[in-house]
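A short write-up of the structure that comes next.
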Amino acid sequence: MQYKNLHKWNVSPAEAIDIQKDLRKRIVVSHQPSAFKNVRYIAGADISCNRLSPLGYAVVVVMRFPDLEIVEEKWVKGEITFPYIPGLLAFREAPILLKAFEKLTIEPALIIFDGQGIAHPRGMGIASHLGIILNKPTIGCAKSKLFGTYKEPGENKGDFSYLYDNRENVIGAVVRTKSNTKPVFVSIGHKIDLQTSIKVIQQCTKNYRIPEPIRLAHNLVNRLRNKSSVVSHQHSEIADS
DNA sequence: GCGACAG
DNA sequence: ATCTTGTCGC
């Protein structure tokens, strides 16, 4: 999968904020839900990092839609250097995620990210940021809130409420993907509308709170990290003995 | 000054 | 996110 480098990543937090403010103007908000009637492939992406080393993994899983069969999985191992700073998640995760996207041979019509889209202090969460760079429709689906106010949605699967910024604008939705379970925070990433985003998230959710594309990406990234920790443990045992 | 704060 | 033990519910 191809993309254009729009800016550098090894920047200071202040420079990162300037980049986000600049990219904000380039978000495309779609108003045509019907445009996704013939979606064939949906991707989910996630990373995993070790507390002790800068080495981490990134995974992209592509699934056929709407049957959600896995059609491609790509992963990379690499350094994750930028620290986690609320509001600057993309600067930590995007560089290694892009390396995984480079390996994709199947072009997904839509990508779901584990994090916010426009439901962000500067309207530039990781889903919007990577949507612009990859030039693809994207959705942000986070496990918790970063920004905005909302009322708790109903307790049944399918119930949702809206997320608002401090001027009463709708910036996302709080969606109950599983009954009696914490909701997820859905927002537009790029080139999509909120109604479609909610619908896609619901159609990608089976028996778990987290929609399948990012749930499986998360699973794989953790399997990779655990596998490598077993190997290094064996090495240390050999060294100790 | 204080609380909130994706992963 | 990661680490980490038991515990509550479907």
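Going by the working numbering, the letters in the first sequence line up with residues 912 to 1152, in that order.
Every residue, glycine too, gets a C-beta built ideally from N, C-alpha and C.
Discussion item. Please state whether the Cβ-Cβ distance between V973 and I1017 is less than 8 Å.
Written reply: As a first step, residue 973 is located in the first sequence; it is residue number 62 there, counting from the start. As a first step, residue 1017 is located in the first sequence; it is residue number 106 there, counting from the start. For V973 and I1017, yes; Cβs fall inside 8 Å.
Practice prompt. Decide yes or no for the touch test of the region 1068-1075 against the region 931-942: beta carbon pairs closer than 8 Å, at least 3 of them.
Written response: no
Discussion item. If you follow the alpha helix (DSSP H) that V1179 is in, where does it begin and where does it stop?
Written reply: Lying outside 912 to 1152, the shown extent of the chain, residue 1179 is not represented and no answer is given.
Worksheet item: If you draw a straight line from the alpha carbon of V982 to that of R1078, how long is it in whole angstroms?
Response: Position 71 of the first sequence, counted from the first residue, corresponds to residue 982. Position 167 of the first sequence, counted from the first residue, corresponds to residue 1078. If you take the alpha carbons of V982 and R1078, they lie about 42 Å apart.
Worksheet item: Is DSSP giving R951 helix, strand or coil here?
Response: In the first sequence, residue 951 corresponds to position 40, counting from 1. R951 falls in the coil class under three-state DSSP.
Worksheet item: Ordered along the chain, which non-local residues of its own chain (more than five positions away) have a Cβ less than 8 Å from that of P1032?
Response: As a first step, residue 1032 is located in the first sequence; it is residue number 121 there, counting from the start. These residues qualify, in order along the chain: G998, L1057 and F1058.
Worksheet item: From the DSSP output, which residues share a beta bridge with W986?
Response: For this step, residue 986 is matched to residue 75 along the first sequence. For W986, which the question treats as bridged, DSSP gives the partners V970.
Worksheet item: Which whole-angstrom value is the C-beta distance of I1023 and I1125, which I expect to be below 8 Å?
Response: Counting from one through the first sequence, the residue named residue 1023 turns up at place 112. Counting from one through the first sequence, the residue named residue 1125 turns up at place 214. Confirmed, about 5 Å.
Worksheet item: Which residues in the same chain have their Cβ closer than 8 Å to the Cβ of G1083, if we skip the five residues on either side of it in sequence?
Response: Taking the first residue of the first sequence as 1, we reach residue 1083 at position 172. Hits under 8 Å: Q1027, G1028, I1029, A1030, G1051, G1059, Y1073, L1074, F1096, V1097, S1098, I1099 and L1105.
Fill in: Reference H894; option with closest CA among K1089, L1045, V971 and V970
For the chain, the structure presents residues 912 to 1152; residue 894 sits outside this window and is missing.
Fill in: Span of the beta strand (DSSP E), counted from its first residue to its last, around F1058
In the first sequence, counting from the first residue as 1, residue 1058 sits at position 147. Per DSSP, F1058 belongs to no beta strand (DSSP E) and is neither H nor E.
Worksheet item: Taking C-alpha atoms, which residue in G955, E980, R962 and S1090 lies nearest to V970?
Response: Position 59 of the first sequence, counted from the start, is the residue given in the question as residue 970. Cα-wise, what sits closest to V970 is G955.
Practice prompt. Would you mind giving the Cβ-Cβ distance between H1101 and G1042, rounded to the nearest angstrom? I have them listed as a contact below 8 Å.
Written response: Start at 1 with the first residue of the first sequence, and residue 1101 comes out as number 190. Start at 1 with the first residue of the first sequence, and residue 1042 comes out as number 131. With a Cβ gap of about 3 Å, H1101 and G1042 count as contacting.
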